[in-house]
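Take any residue in the sequence shown, count from 1 to its spot, add 1: that is its number in my numbering.
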Amino acid sequence: MRTACLALLAASALAACKRESAPGAPPAQAPAASSPAADAPAAPVALKDVIETTDRYVVGISFPASANRYPGLAKALSDYAAAERAELMQAVEAFGNDKPSAPYELSLAFEQVVDTPQIVAIAADGSRYTGGAHGQPLIARFVWLPQQDARLTSAALVPDAKGWQAISDYVREQLHTAVVTRADEDELPAADRAALIKSTFRMIDEGTKPEAGNFSEFVPVLDTAGRISALRFVFPPYQVGPYADGTQTVDVPAAILLPHIAPEYAGLFAR
């Protein structure tokens, strides 16, 4: 739905530009950008907690007040929360005048986990319930660079395939080891142990293919000097294991990351 709306807006803007640049167009149809009002920046987003309860749905969203210091970050958090709420409301509206047997629910908490002059990180955790045995986990991480006034993404941080291969290899090794350790601790019969390891390894290998998109959720782990000593990659349920395994994380040390970090971000890392 969001993609369609964006496409429609882009098409409308393009059509407007064509009308404005058409030969013989009267002066009154000058580009809107010449208007002072059009040049004015968008109003900052003010993040406010949301609590809403009806007999059809329940919404609870909480934000850290500190995020309002950074308008770009505040907008990113607001946009994410709005998109998840839109998904919930679409499911609610599908009932028409009826209502679900149990209220649908969106629960989403944003928490600041890093706050330095160089790096700010916000963790978003929650779930969206629209029927079934359990809700859909919602996991997102936002890393903001105040001095650049920009969000740091995994694709920008590690720009080449060789880097993602090194990260993928390290993460897979850690996750594989954890699976074998759990299987041994549970003292499963040999056949059950082998089946569990095989199926989970398959999920791990699929969910950690060496692509930036598979490592999009991360937060920096800082040393006492405020430098990044590791990146903690976060994997929601189903990406690298069954739902019962929950959210999983792997810390990748700076020593492994640094050879592959884009030069403009290398100064953020401990050496």
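Think of the CB as a built atom: it goes at the ideal place given N, C-alpha and C, for glycine as much as any other residue.
- By the C-beta density criterion, Glu-186 is exposed, having fewer than 16 other C-beta atoms within 10 angstroms.
- Using a Cβ-Cβ distance cut-off of 8 angstroms, the segment 44-57 and the segment 74-85 are in contact, since at least three pairs of beta carbons, one from each stretch, lie closer than that value.
- A straight line joining the alpha-carbon of Glu-218 with that of Leu-232 spans about 10 angstroms.
- Apart from sequence neighbours up to five positions away, the residues of its chain that approach Ala-167 with a beta-carbon distance below 7 angstroms are Ile-257 and His-261, ordered along the chain.
- Judged by DSSP secondary structure, Arg-129 falls within the beta strand (DSSP E) whose first and last residues are 121-130.
- For Gln-113, the uninterrupted beta strand (DSSP E) run begins and ends at 105-116, by DSSP.
- Residue pairing by DSSP places Phe-96 in no beta bridge whatsoever.
- Here the alpha carbons of Ala-191 and Ala-156 stand approximately 41 angstroms from one another.
- Counting the other CB atoms within 10 Å of its CB gives Thr-201 a total of 16 or more, which places it among the buried residues.
- Less than 8 angstroms divides the Cβ of Pro-237 from the Cβ of Thr-248.
- Taking 8 angstroms as the cut-off, the beta carbon of Pro-72 is found no closer than this to the beta carbon of Phe-111.
- Gln-137 and Pro-118 have their alpha carbons spaced roughly 34 angstroms apart.
- If the five residues before and after Arg-86 are omitted, its C-beta is found closer than 7 angstroms to the C-beta atoms of Val-60 and Leu-107, all from its own chain and listed in chain order.
- The straight-line gap separating the alpha-carbon atoms of Gln-149 and Val-235 is approximately 24 angstroms.
- When the alpha-carbon of Asp-170 is set against those of Asp-252, Ala-75, Pro-45 and Gly-268, the nearest one is in Asp-252.
- Of the candidates Pro-264, Trp-165, Ile-198 and Ala-195, Trp-165 places its Cα closest to the Cα of Pro-211.
- DSSP, read as helix, strand or coil, puts Leu-74 in helix.
- Residue ranges of uninterrupted alpha helix (DSSP H) with 4 or more members, entirely inside the segment 124-201 and ordered along the chain, are 155-158 and 162-186.
- For Leu-258, the enclosing alpha helix (DSSP H) begins and ends at 255-258.
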